[in-house]
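Numbering (full-length UniProt numbering), first residue to last: 1 to 427. Here's the structure, in structure tokens; my notes come after.
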């Protein structure tokens, strides 16, 4: 006979662990804006989660699915390549013991902590926390768009965050893009697509609230001016429709598309009531799309020019195994591309190829294939929300780098380790 009291206690404890993990993630968002000793603070957080996991994990078993296995292999391989280059000083001018220590703190320690801690959490409750938080954030985004008032400015103290905010985040900047307190508009755009993926498979029960959440999420996404996030938004909708159509789940497709169409209809009505706001959005979209035609003079041209970095590694070992963390960036610093561009490679897959070689890129390619394959096999709404969110991150990765210490990376970690192998909903 099942003891209902124990089930209730277990669910309560899972929700408490989920809430703590959510608060830790929000802390990561804020830490991106602050000046502090990153090694000490991040290490303390990860060891804290690891200690909690060790204390309470006796009630659980680690069951690792294929996606998680490949992710672990990728993390292990990337660290091995970085360590090897640190030991032997082979190719990378930006590696060394400091970078090896950084790799441990940024990639390895979170992996060990989260693969255990995530088992203590309630997946559905955690995703609802993320959904609700980002929906509230979207309301703040609408407030900023309308009033130009940025109530979070005092949170930004680090030199890098201030520099980035002055370029993109300041409402008085000529390059203003909605960023809020997420460090960079691309980061915010990626998180908005994660929100939309969750809204697709885990909608609010109230139809008005669901439509409102979709409307403000899309408006926020437009104002990030992140073309990679716009592309990811369109593609995850196509993936969702194709997946549900393939398994003949017409009810889910019709229900979401009906909600989306109502949301878009309401949004059009609102925009027509406020002609200045409508003109702002139309001009914004037009200018960003026209930017594709002028790619030779903007960051799009730099991304294309950065492909020339592939010609610099002359060793077959560097091409096969890679040069370790920051090898791609070291090549860019040594060989600036378009108009002296040396700030970022802005292509995660080019970075993977240079940092971890053909082997590393193949391992990550297998991960992508498994995520897509699992999405089309799964009928678990929680798994589907996670997998679609991961696909949005993967798509955006062609235009920026998510495999860096950031709130996007650590939310990706959490989502991967919350995946279940089965097809049955897990509360």
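All C-beta atoms in this analysis are idealised placements derived from N, C-alpha and C, irrespective of residue type, glycine included. All values derive from a computational prediction rather than experimental measurement.
According to DSSP, simplified to helix, strand and coil, what is residue i?
{"i": "residue 185", "result": "helix"}
{"i": "residue 295", "result": "The predicted position of residue 295 is uncertain, since its pLDDT is 49 and thus under 50; a value taken from the coordinates is nonetheless stated next. Helix, per DSSP."}
{"i": "residue 244", "result": "helix"}
{"i": "residue 42", "result": "helix"}
{"i": "residue 119", "result": "helix"}
{"i": "residue 35", "result": "coil"}
{"i": "residue 201", "result": "helix"}
{"i": "residue 177", "result": "coil"}
{"i": "residue 64", "result": "coil"}
{"i": "residue 314", "result": "coil"}
{"i": "residue 355", "result": "helix"}
{"i": "residue 378", "result": "coil"}
{"i": "residue 206", "result": "coil"}
{"i": "residue 419", "result": "coil"}
{"i": "residue 86", "result": "helix"}
{"i": "residue 344", "result": "coil"}
{"i": "residue 144", "result": "helix"}
{"i": "residue 110", "result": "helix"}
State buried or exposed for residue i, treating a residue as buried only when at least 16 other CB atoms are found within 10 Å of its CB.
{"i": "residue 143", "result": "exposed"}
{"i": "residue 374", "result": "buried"}
{"i": "residue 365", "result": "exposed"}
{"i": "residue 335", "result": "exposed"}
{"i": "residue 408", "result": "buried"}
{"i": "residue 29", "result": "buried"}
{"i": "residue 383", "result": "buried"}
{"i": "residue 163", "result": "exposed"}
{"i": "residue 137", "result": "buried"}
{"i": "residue 317", "result": "exposed"}
{"i": "residue 22", "result": "buried"}
{"i": "residue 330", "result": "buried"}
{"i": "residue 119", "result": "buried"}
{"i": "residue 166", "result": "exposed"}
{"i": "residue 251", "result": "exposed"}
{"i": "residue 63", "result": "exposed"}
{"i": "residue 258", "result": "exposed"}
{"i": "residue 406", "result": "buried"}
{"i": "residue 84", "result": "buried"}
{"i": "residue 88", "result": "exposed"}
{"i": "residue 11", "result": "exposed"}
{"i": "residue 14", "result": "buried"}
Between the Cα of residue i and the Cα atoms of the options, which residue gives the shortest distance?
{"i": "residue 199", "options": "128, 149, 395 and 188", "result": "128"}
{"i": "residue 233", "options": "50, 15, 396 and 315", "result": "396"}
{"i": "residue 156", "options": "304, 35 and 402", "result": "35"}
{"i": "residue 311", "options": "348, 354, 283 and 346", "result": "354"}
{"i": "residue 333", "options": "323, 324 and 344", "result": "344"}
{"i": "residue 208", "options": "187, 267, 197 and 221", "result": "267"}
{"i": "residue 458", "options": "140, 110, 304 and 398", "result": "There is simply no residue 458 to check, as the chain begins at 1 and stops at 427 in what is shown."}
{"i": "residue 103", "options": "117, 116, 121 and 75", "result": "75"}
{"i": "residue 238", "options": "372, 417 and 44", "result": "372"}
{"i": "residue 205", "options": "255, 126 and 313", "result": "255"}
{"i": "residue 45", "options": "20, 63, 55 and 69", "result": "20"}
{"i": "residue 57", "options": "78, 37, 314 and 113", "result": "113"}
{"i": "residue 182", "options": "420, 160, 107 and 324", "result": "160"}
{"i": "residue 240", "options": "389, 85, 14 and 42", "result": "389"}
{"i": "residue 381", "options": "201, 319, 123 and 368", "result": "201"}
Between the C-alpha atoms of residue i and residue j, what's the straight-line distance to the nearest angstrom?
{"i": "residue 132", "j": "residue 216", "result": "13 Å"}
{"i": "residue 39", "j": "residue 105", "result": "7 Å"}
{"i": "residue 378", "j": "residue 67", "result": "13 Å"}
{"i": "residue 180", "j": "residue 152", "result": "8 Å"}
{"i": "residue 224", "j": "residue 195", "result": "14 Å"}
{"i": "residue 139", "j": "residue 304", "result": "36 Å"}
{"i": "residue 117", "j": "residue 49", "result": "7 Å"}
{"i": "residue 321", "j": "residue 356", "result": "5 Å"}
{"i": "residue 391", "j": "residue 342", "result": "28 Å"}
{"i": "residue 243", "j": "residue 253", "result": "9 Å"}
{"i": "residue 327", "j": "residue 370", "result": "27 Å"}
{"i": "residue 411", "j": "residue 31", "result": "14 Å"}
{"i": "residue 270", "j": "residue 175", "result": "26 Å"}
{"i": "residue 219", "j": "residue 281", "result": "9 Å"}
{"i": "residue 187", "j": "residue 146", "result": "21 Å"}
{"i": "residue 420", "j": "residue 337", "result": "43 Å"}
{"i": "residue 213", "j": "residue 135", "result": "6 Å"}
{"i": "residue 148", "j": "residue 192", "result": "20 Å"}
{"i": "residue 394", "j": "residue 37", "result": "30 Å"}
{"i": "residue 168", "j": "residue 109", "result": "32 Å"}
{"i": "residue 226", "j": "residue 285", "result": "10 Å"}
{"i": "residue 418", "j": "residue 276", "result": "44 Å"}
{"i": "residue 309", "j": "residue 323", "result": "13 Å"}
Should residue i be listed as close to the ligand GDP, given that the test is whether its C-beta is under 7 Å from any heavy atom?
{"i": "residue 49", "result": "Because no ligand of any kind appears in the structure shown, any question about the ligand GDP cannot be addressed here."}
Any C-beta of chain C sitting closer than 8 Å to the C-beta of residue i?
{"i": "residue 147", "result": "Of the chains in the structure shown, none is chain C; there is only one protein chain."}
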